[in-house]
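Here this note's numbering is used: the first residue of the sequence shown is 4, the next is one more, and so on.
Every residue, glycine too, gets a C-beta built ideally from N, C-alpha and C.
Quick notes on the structure that follows.
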Amino acid sequence: MYRFMPLLLLLAACASPAPDFFGAARHEVSRGGIDFVVYQRADEVEVVRMGYLSRAARAPVPKLMEEAAAEATGCQVIPDTMRTKIPGDTGVARFDLDCG
């Protein structure tokens, strides 16, 4: 088990999109001292937060994710379109964009 730890740590440091975002444009953005990877596919983005945050430090993350998506794409994020697989998750979120 321990011989696989370096590989697991390396994989944990990488961000990859959900399968339906494979081939999407990839952007790296920092907001509020947090690094994000933004994947854009047409008028939708997936934002992945990098690194660990304590529960107390996660409160501003949804707004920072929205800002990262707008900065990376040059589009406006449509209000109230944030979707996560787990309610309240601040690790990965999707937003709809207005690029018109």
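- Counting along the chain, the unbroken beta strand (DSSP E) around L100 starts and ends at 95-101.
- Partner residues in the beta bridge of F39, as assigned by DSSP, are V32, R52.
- The residue from F39, A18, E47, S57 with its alpha-carbon nearest to that of T84 is E47.
- For T87, the closest C-alpha among the options E49, L100, G26 is that of E49.
- In this structure, the beta-carbon distance from A75 to V41 falls below 7 Å.
- By the Cβ neighbour-count rule, R58 is exposed, with fewer than 16 other Cβ atoms within 10 Å of its own.
- Taking all protein chains in view, the Cβ of A60 is surrounded by fewer than 16 other Cβ atoms within 10 Å, so the residue is classified as exposed.
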